[in-house]
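Here is the structure we will look at.
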Amino acid sequence: MRQENIRNFCIIAHIDHGKSTLADRLLERTGTVQSREMKNQLLDSLSLERERGITIKLVPVRMDYTSPDGKKWVLNLIDTPGHVDFAYEVSRSLAACEGALLVVDASQGVEAQTVANAYQAVEQGLEILPVINKIDLPSAREENAKQEIQDVVGLDASDAVLASAKDGRGIDEILERVVQRIPAPEGDAGAPLQALVFDSVYDNYHGVISYVRVVNGVIREGQNVLFMQTGSVYSVEEVGVFRPGFTPVEQLGPGEVGYIAASIKTLAEAPVGDTITEAARPAARPLPGYRKVKSVVFCGFYPVERDNYPQLREALEKLCLNDAAVTFEPETSVALGFGFRCGFLGMLHMEVVRERLSGEYGVELVATAPNVVYEVVTPSGAVIEAHRPSDFPDAGEIEEVREPYIKLSVFLPSEFVGKVMQLVQDRRGVYKSMDYLTPERVRLIYEMPLSEFIIDFHDKLKSQTRGYASLDYEFIGLRASDLVRVDVLVNGEAADAFSFICHREQAYHRGHAAVTKLKALIPSQLFEVPIQASLGKRVIVRVNVKALRKDVLAKCYGGDITRKRKLLEKQKEGKKRMKQIGKVSIPQEAFLAFMQVEGDGK
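Quick note: the sequence shown uses full-length UniProt numbering, first residue 1, plus one each step.
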């Protein structure tokens, strides 16, 4: 195919605005998939994607299109996720394209991820084509949606395509706009090979399969290629394109999107963002890759059965081949044994990985409550990364504690503004701005600690706004905060598994909640057990688990009162001695319930 007849584009939108359904209609209209093979959300290949109705992985597909004037085109489409946690998938898609369809729901208008994805596309210099989708709905407001695109995103939407991915309206017009407005890819077939790796998957027969966008040169079967970042050299065993399955071809030229298989064993040898070049005639410099994604939410994964630790390790290694944003390292827990501390890009990302480990790899696991990483500065100027409360030094050795902050954008109906502002401020949010996009829709911008966001903020926001609010956030760095470590002591001994980090103002309330919960979880002993929350040496909350009472007088059915007193005094001495030497055995169920973990597959 001639280079000027190739068009590379992706679909970007907020979650549930109809990206995958629009991709289905484009595949049908171009004849890429036969009607008998067609099913809803065809490109969502993961079972979890189909079950939840969301896109998790970017998916490329190649379509052949013949325009009304008889001209033939090759269209490379990439369907992208819409949730903020998968923004890294969107950024990788944009780097492989020259244009993007910005899809906006006609009934809901511009939402948080619409703006975030549009700004990413503008930064990459892409041609953006606005599409107003779902015009078949009775609540559709096409003109309002156009106005919001112009006011909020800053794009001219006066000639935006009005479409319905459900009934096929506007599909022909979208295809014509793509071939007329999106520029052809640039590149020189005679130059040394330069191909960008924008994604990869693991196959049991071929090893790591790299998804590539060729910028210069040609890549073909049998060619020896060099991965410039790692220095690894491989012989290409198969070159192909996505239709939408793997379809081998003779070669890929400049501007084309496809895949290569070269018996690569690990992702470390062919990382996403690397540049592939010819080993015999290498390019002078690599292509600009991607910023390394940084995990912001962490939690521990532990096998339910401790013997399944190797199985969990193997499952995590395989999953990381398909999702390079997951990080993991071994760790141990007093309560749960051997496991892994895993890093994610957000709460949904964490939930998706946990469900994939359970559903696709058959691993039964428990996950600890999510947390973030803090930076602790000591008086000597040393900086300690604190992944867990036990990493915090004593209060006298702390000069400053820094915690990660995010910039939060919330789009919501104006009637809920007061409730949402109260919710964010209760989570230590700092107000930045409020814009009325229309008399009925508002955008609020706050800065808030990530630790206050990750637990249940999204659920609370949805319940406060009856599901109408949408949000987007971005990591903006670390800031100094008055944070303290609250230790929980059971019978005078510190229990590390129950310690936590919080703001000093919340220490009493969080400590009281923790010891009250533990009081209900720890079974009664033969002696009274004190449970305390402390800041350093100072106890701030205390509750007692009452002792089990044995009725030693049951056998005294008569006789002198002195005999009864003698037995009670003997019991009292025994309890006193037991309290001094007794140990409290905390069952594993108490650890799991306290940390709000969930066992999969039970």
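Where a beta carbon is used, it is the ideal one built from N, C-alpha and C, also for glycine.
Outcome for residue i when other beta-carbon atoms lying within 10 angstroms are tallied against a minimum of 16
i      : result
PHE298 : buried
ILE476 : exposed
PRO370 : buried
SER390 : exposed
SER463 : exposed
GLY18  : buried
ILE276 : buried
PRO330 : exposed
LYS265 : exposed
GLY154 : exposed
PRO60  : buried
LEU336 : buried
ARG285 : exposed
Contacting residues, own chain, Cβ-Cβ under 7 Å from residue i (five flanking each side not counted)
i      : result
ARG563 : CYS556
LEU535 : VAL484, VAL486 and ALA507
ILE581 : In this prediction, ILE581 has a pLDDT of 46, which is less than 50 and means its spatial position is unreliable; what the coordinates show is noted afterwards. Around ILE581: no qualifying Cβ.
CYS320 : LEU267 and VAL326
Residue i - DSSP class collapsed to helix/strand/coil
i      : result
GLU403 : strand
PRO389 : helix
LYS462 : helix
SER200 : strand
GLU127 : strand
ALA23  : helix
ARG565 : helix
GLY170 : coil
PRO530 : strand
ILE149 : helix
GLU447 : strand
ARG356 : helix
ARG92  : helix
GLN194 : strand
CYS320 : helix
ASN144 : helix
GLN251 : strand
ASN491 : coil
ILE11  : strand
VAL178 : helix
ASP16  : coil
Sub-8 Å separation of residue i and residue j beta-carbons
i      : j      : result
LEU408 : TYR446 : yes
ALA324 : VAL376 : no
VAL115 : VAL152 : yes
VAL353 : TYR302 : no
ALA13  : LEU102 : yes
ASP105 : LYS134 : yes
ILE501 : TYR374 : yes
VAL215 : ALA279 : no
PRO413 : ALA283 : no
HIS509 : MET347 : no
LEU267 : SER200 : yes
PRO185 : GLY70  : no
VAL131 : PHE9   : no
ARG213 : THR32  : no
PHE198 : ALA118 : no
MET448 : GLY418 : no
ASN308 : VAL363 : yes
GLU176 : THR230 : no
VAL420 : LEU437 : no
PHE411 : SER470 : yes
ALA189 : ILE219 : no
SER524 : LEU548 : yes
Close beta carbons around residue i, own chain, < 8 Å, minus the five adjacent residues each side
i      : result
GLU127 : GLU98, GLY99, ALA100, ARG181, ILE182 and PRO183
LYS460 : LEU423
ASP167 : ASP136
ARG141 : ALA106, SER107 and GLY109
LEU226 : SER232, VAL233, ILE276, THR277, GLU278, ALA279 and PRO282
LYS146 : PRO130, ILE132, ALA157, SER158 and ALA160
6 Å Cβ shell around residue i - same chain, five flanking residues per side excluded
i      : result
VAL372 : PRO404, LEU450 and SER451
ALA480 : GLU400 and ARG402
THR327 : SER295 and GLY343
ALA121 : LEU94, ALA100 and ILE128
ARG504 : ASP482 and VAL484
THR247 : GLY240 and VAL241
ALA494 : ASP487
ARG52  : Caution is warranted here: a pLDDT of 48 is assigned to ARG52, below 50, making its placement in the model unreliable, and no coordinate value can be reported.
LEU75  : ARG7, MET63 and TYR65
Beta carbon proximity, residue i to chain C, threshold 8 Å
i      : result
LEU155 : No chain C is part of this structure, which consists of one protein chain only.
Next on the checklist: As an exercise, report each continuous beta strand (DSSP E) stretch of at least 3 residues that is fully enclosed by the segment 250-310, in chain order.
Outcome noted: 257-264, 275-278 and 297-303
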